[in-house]
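Worksheet: one structure, shown below.
Residue numbers (the working numbering), protein chains in the order written: chain R, 8 to 189; chain D, 11 to 267.
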């Protein structure tokens with residue numbers, strides 16, 4: 008029988024900072040499936056997603072000292088490491104060269120359309136985002152899944168920076184409502 | 011924008027999902043420090059996000075687990091090779107060579123350990139510097155906020171004079187007549203015992219209206235509750251968490267000009 012160990016979040020962080028490998032094993036076993044889900048929402052290709060996951064856990068191990076519990080939960084911090092790593096991969100040269108069968112969209116609004124069609128049973132974040140109205144969907148798709156900054160979005164979509172900010176926030180209020188209903 | 015409006019403005023969601031701009035994020039973090047209610051609302055969304063991510067789990071490639079654990083184990087033990095190498099039996103015929111290589115190994119390992127330690131130290135000081143930079147930036151933003159509010163032509167300034175000493179103003183209230191925002195700058199209020207708090211009131215037709223409780227800490231500027239109008243402002247000393255009207259002693263007051 009495998010022995011079940013559970014740590015509180017603060018215990019786990021403390022042990023990780025002390026470089027305790029059992030704590031890392033626990034961290035991996037506990038969070039890897041959820042983080043894999045997050046990464047695969049951005050990178051549907053499972054092999055590439057696996058490479059990203061590996062890099063994400065190495066980064067978590069190396070950067071745990073800079074985690075600040077006052078700014079949010081451990082999972083939120085890891086989610087952002089995972090999301091950033093996935094976006095870096097999507098934007099990397101090697102990845103784009105492998106995606107040559109994807110035509111380059113001419114209309115920037117098409118950039119905002121998901122590159123894959125989620126199946127109807129999918130209730131992932133990307134599916135929820137696709138339920139938002141068109142310009143909200145575009146902004147969240149480009150900022151969350153493709154990592155464009157507010158300034159880049161303002162230039163790409165030719166809308167003022169302040170409007171980008173307020174629309175993203177309104178889009179997220181809608182997204183929260185979809186999440187609350189579930 | 012009051013706290014409730016800020017909480018439901020979408021900033022929590024945009025911060026947690028990592029799509030807030032760096033300025034928005036810095037302000038949000040500072041606001042969370044100031045308002046526990048905001049931090050609690052953030053925590054609520056974080057849990058929701060976490061639960062959703064767990065529901066949406068996918069099975070990771072099992073090979074990753076092994077290679078990660080191996081990589082971690084390697085990173086965790088930087089200095090052990092020294093011991094194992096020195097313990098190997100020297101080759102008799104070329105013992106001078108073996109000795110030399112052991113010495114070389116020890117030297118190299120020692121160097122590696124030194125570098126490792128130096129690197130750790132550097133990492134630590136980088137983290138400390140970053141933290142310092144972050145807090146300086148927050149202070150700068152706070153100052154900029156204060157500056158823009160003070161220089162706003164719609165902002166009225168009221169000096170609240172202490173009931174005990176008239177030498178220095180106890181606090182200044184800045185009231186923006188267009189946004190109805192109220193900010194308080196504490197100038198000279200003595201620290202209170204922990205069970206007491208100061209409370210700011212707006213006096214409207216001689217009736218006190220609560221603008222919020224605060225401590226005389228070292229905050230540069232405090233955002234209080236909004237008010238549509240005020241004839242005067244007053245500060246009283248109340249029990250911590252006072253509800254209802256003023257019950258304690260008047261500490262300072264000032265009339266709107």
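Note that beta-carbon positions come from the ideal geometry of N, C-alpha and C, so glycine has one too.
Quick caveat, the model's predicted, so the values are computed rather than measured.
Chain D contact for residue i (CB, 8 Å cutoff)
i: residue 87 of chain R; result: yes
i: residue 18 of chain R; result: no
i: residue 162 of chain R; result: no
i: residue 145 of chain R; result: no
i: residue 33 of chain R; result: no
i: residue 57 of chain R; result: yes
i: residue 14 of chain R; result: no
i: residue 123 of chain R; result: Here residue 123 of chain R scores only 46 on pLDDT, less than 50, and its place in the model is too uncertain to base an answer on.
i: residue 73 of chain R; result: yes
i: residue 23 of chain R; result: no
i: residue 176 of chain R; result: yes
i: residue 169 of chain R; result: no
i: residue 9 of chain R; result: Reliability fails at residue 9 of chain R, whose pLDDT of 49 lies under 50, so the model's placement of it is uncertain and no value is given.
i: residue 119 of chain R; result: Bear in mind that the predicted position of residue 119 of chain R carries a pLDDT of just 49, short of 50, making it unreliable; the figure below should be weighed with that in mind. It does not; no Cβ of chain D falls within 8 Å.
i: residue 172 of chain R; result: yes
i: residue 140 of chain R; result: no
i: residue 92 of chain R; result: no
i: residue 45 of chain R; result: yes
Residue i, DSSP secondary structure in three states
i: residue 166 of chain R; result: coil
i: residue 187 of chain D; result: coil
i: residue 180 of chain R; result: helix
i: residue 91 of chain D; result: Per-residue confidence for residue 91 of chain D stands at a pLDDT of 43, beneath the threshold of 50, marking its modelled position as unreliable; no derived number is given.
i: residue 222 of chain D; result: strand
i: residue 193 of chain R; result: Only positions 8 to 189 of chain R appear in this structure, which leaves residue 193 of chain R out of reach.
i: residue 15 of chain R; result: coil
i: residue 265 of chain D; result: strand
i: residue 259 of chain D; result: strand
i: residue 156 of chain R; result: coil
i: residue 124 of chain R; result: Here the model assigns residue 124 of chain R a pLDDT of 49, short of 50, so the residue's position is not dependable and the matter cannot be decided.
i: residue 165 of chain D; result: strand
i: residue 50 of chain D; result: helix
i: residue 83 of chain R; result: helix
i: residue 201 of chain D; result: coil
i: residue 22 of chain R; result: helix
i: residue 44 of chain R; result: helix
i: residue 27 of chain R; result: coil
i: residue 66 of chain D; result: coil
i: residue 72 of chain D; result: helix
i: residue 51 of chain R; result: coil
i: residue 138 of chain R; result: coil
i: residue 12 of chain D; result: coil
i: residue 2 of chain D; result: The question about residue 2 of chain D has no answer here: the residues shown for chain D are numbered 11 through 267.
i: residue 189 of chain R; result: coil
Strand pairing of residue i, partner residues [DSSP]
i: residue 179 of chain D; result: D:171
i: residue 45 of chain D; result: DSSP output for residue 45 of chain D lists no bridge partner at all.
i: residue 249 of chain D; result: D:206
i: residue 193 of chain D; result: D:184 and D:233
i: residue 212 of chain D; result: D:219 and D:243
Contact with chain R by residue i, beta-carbon distance below 8 Å
i: residue 23 of chain D; result: yes
i: residue 137 of chain D; result: yes
i: residue 97 of chain D; result: With a pLDDT of 46 at residue 97 of chain D, under the threshold of 50, the modelled position of that residue is not reliable, and no figure is offered here.
i: residue 64 of chain D; result: yes
i: residue 75 of chain D; result: yes
i: residue 227 of chain D; result: no
i: residue 158 of chain D; result: no
i: residue 27 of chain D; result: yes
i: residue 13 of chain D; result: no
i: residue 53 of chain D; result: yes
i: residue 17 of chain D; result: no
i: residue 90 of chain D; result: Note on residue 90 of chain D: pLDDT 43, under 50, position unreliable in the model; the coordinate value appears next. Residue 90 of chain D does not count as touching chain R.
i: residue 237 of chain D; result: no
i: residue 71 of chain D; result: yes
Any chain A beta carbon closer than 8 Å to residue i
i: residue 209 of chain D; result: Protein chains R and D are contained in the structure displayed, whereas chain A is not.
Cβ-Cβ separation, residue j to residue i (assumed contact under 8 Å), whole Å
i: residue 192 of chain D; j: residue 237 of chain D; result: 6 Å
i: residue 62 of chain D; j: residue 139 of chain R; result: Wrong, their Cβ atoms sit about 16 Å apart, outside the cutoff.
i: residue 60 of chain R; j: residue 113 of chain D; result: No, residue 60 of chain R and residue 113 of chain D are not in contact; Cβ-Cβ is about 43 Å, not under 8 Å.
i: residue 206 of chain D; j: residue 249 of chain D; result: 6 Å
i: residue 171 of chain R; j: residue 161 of chain R; result: 5 Å
i: residue 226 of chain D; j: residue 195 of chain D; result: With a Cβ gap of about 12 Å, residue 226 of chain D and residue 195 of chain D do not count as contacting.
Item to complete: For the stretch 237-245 of chain D and the stretch 164-178 of chain D, state whether three or more C-beta atom pairs, one from each stretch, are separated by less than 8 Å.
Response: Yes, since at least three Cβ pairs between the stretch 237-245 of chain D and the stretch 164-178 of chain D fall closer than 8 Å, the two stretches touch.
Worksheet item: Below 8 Å, can you find three or more Cβ-Cβ pairs linking the stretch 153-165 of chain D to the stretch 176-191 of chain D?
Response: yes
Practice prompt. Take every Cβ of the stretch 70-81 of chain D, pair it with every Cβ of the stretch 38-57 of chain R, and state whether three or more of those distances are shorter than 8 Å.
Written response: Cβ pair count under 8 Å is three or more, so yes.
Discussion item. Whether or not the stretch 41-56 of chain R and the stretch 75-87 of chain D are in contact is what I'm after, with contact meaning three or more pairs of Cβ atoms, one per stretch, closer than 8 Å; do they touch?
Written reply: Segments in contact, no.
Discussion item. Between the stretch 76-92 of chain R and the stretch 125-140 of chain D, can you find at least three pairs of beta-carbon atoms closer than 8 Å?
Written reply: As far as the Cβ criterion goes, the stretch 125-140 of chain D does not touch the stretch 76-92 of chain R, which means the pair count is below three.
Worksheet item: Quick one: any contact between the stretch 247-254 of chain D and the stretch 206-221 of chain D, if contact means 3 or more CB pairs under 8 Å?
Response: Inter-segment contact for the stretch 247-254 of chain D and the stretch 206-221 of chain D is present: three or more beta-carbon pairs are separated by less than 8 Å.
Item to complete: Would you check if there are 3 or more beta carbon pairs closer than 8 Å linking the stretch 21-30 of chain D to the stretch 174-184 of chain R?
Response: Judged by Cβ distances under 8 Å, the stretch 21-30 of chain D makes contact with the stretch 174-184 of chain R, as three or more pairs qualify.
Discussion item. Is it the case that the stretch 58-69 of chain R contacts the stretch 85-94 of chain R, given that we only count it when at least three CB pairs across the two stretches are under 8 Å?
Written reply: yes
Worksheet item: If you pair each beta-carbon of the stretch 141-157 of chain R with each one of the stretch 90-105 of chain R, do three or more pairs fall below 8 Å?
Response: yes
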